[in-house]
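Heads up, the thing below is written out as structure tokens.
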Amino acid sequence: DQQVKQNSPSLSVQEGRISILNCDYTNSMFDYFLWYKKYPAEGPTFLISISSIKDKNEDGRFTVFLNKSAKHLSLHIVPSQPGDSAVYFCAASDAGGGNKLTFGTGTQLKVEL
Amino acid sequence: EPEVTQTPSHQVTQMGQEVILRCVPISNHLYFYWYRQILGQKVEFLVSFYNNEISEKSEIFDDQFSVERPDGSNFTLKIRSTKLEDSAMYFCASSYPGGNRNTEAFFGQGTRLTVV
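First to last, the sequence lines map onto chains D and E.
Those letters in the first sequence? Residues 312 to 424, by the working numbering.
Those letters in the second sequence? Residues 79 to 194, by the working numbering.
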């Protein structure tokens, strides 16, 4: 039951360029979306979130865009840095599900020099 | 910066044995969670805990699993009789939320459970 999907298992970008990570969801009850970053042997680290009442949220180099009609969100990282190389997880929660997060399968981002 | 801490970092156990995974959530947080990630798969929700009781649990969280907050600071996950398929990374997380449901969960570094 893949309610949250990240169709690109990996992405490679050059340092300084934009990284765009995509996420699709199927559950129309989801109303809060988050991006987490994960390094090997560590837990997920929160990056940025967005409520369904907004279509954009920006925090420094990170911007999340939400297209509710398409059930799609994306994370933009500009400019990309080598330290951004990690697995990025999209996650979502719904009003009826308390604070439970449903995660996507992750996208491995590699930022090359 | 406050953080969620988990012990041990790695636990090896024999099939059928009981294991207890321990977590110290961030001190002013009110919601506590366990998630797991089987190698190569996505992070999956197991259970959430609020006000000293389970608030939600997934299908994975069957009768062999239990959670407890024994002393106001620790949060534990017990697996009564481990199976090979319980081998995974187990993550503890906590969140405030301070009246606002929409706050992020902070995760610990995980406990790698290996059942042999």
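Virtual Cβ for every residue (Gly too), placed ideally from N, Cα, C.
query, result
"Residues that E:R114 bridges to, as DSSP identifies them", "E:E122, E:Y168"
"Exposed unless 16 or more other CB atoms sit within 10 angstroms - verdict on D:K411", "buried"
"Local Cβ density within 10 Å of E:H88, reported as buried at 16 or more and exposed below that", "exposed"
"The stretch 347-379 of chain D: positions lying closer than 8 Å to chain E by Cβ", "Y347, A352, E353, G354, P355, T356, F357, S360, S362"
"Residues bridged to E:I104 [DSSP beta-bridge criterion]", "Beta-bridge pairing links E:I104 to no other residue."
"Coil, strand or helix - E:E163 by DSSP", "helix"
"When D:V422, D:D395, D:P351, D:N368 are compared against D:L345, the one with the closest alpha-carbon", "D:N368"
"Paired residues, beta bridge with D:Q419 - DSSP", "D:S321, D:V398"
"For E:R147 and E:F153, believed in contact at Cβ under 8 Å, the rounded distance", "5 Å"
"Among D:F373, D:N338, D:K349, nearest to D:H383 - alpha-carbon criterion", "D:N338"
"Chain-ordered neighbours of D:F414 on chain E, where CB pairs are closer than 7 Å", "K120, V121"
"Closest by C-alpha distance to D:F357, when choosing among D:S380, D:V324, D:L322, D:V375", "D:V375"
"Segment limits, beta strand (DSSP E) that includes D:I388", "383-388"
"According to DSSP, residues forming a beta bridge with E:T195", "Not covered by the structure: residue 195 of chain E. The range shown for chain E is 79 to 194."
"One or two residues paired with E:Q89 in a DSSP bridge", "E:L191"
"Exposure label - D:I361; buried when at least 16 CB within 10 Å", "buried"
"Residue closest to D:L420, alpha-carbon to alpha-carbon, out of D:C401, D:V389, D:D395, D:L377", "D:D395"
"Candidates E:R158, E:F143, E:S173, E:T189, of which the one nearest E:P103 by Cα", "E:S173"
"Range of the contiguous beta strand (DSSP E) that encloses E:K135", "131-135"
"Backbone CA spacing between D:I359 and D:F414 [nearest angstrom]", "14 Å"
"Exposure label - E:R114; buried when at least 16 CB within 10 Å", "buried"
"The beta strand (DSSP E) enclosing E:Y174, as first and last residue numbers", "Counting along the chain, E:Y174 falls outside any beta strand (DSSP E), and DSSP gives it neither H nor E."
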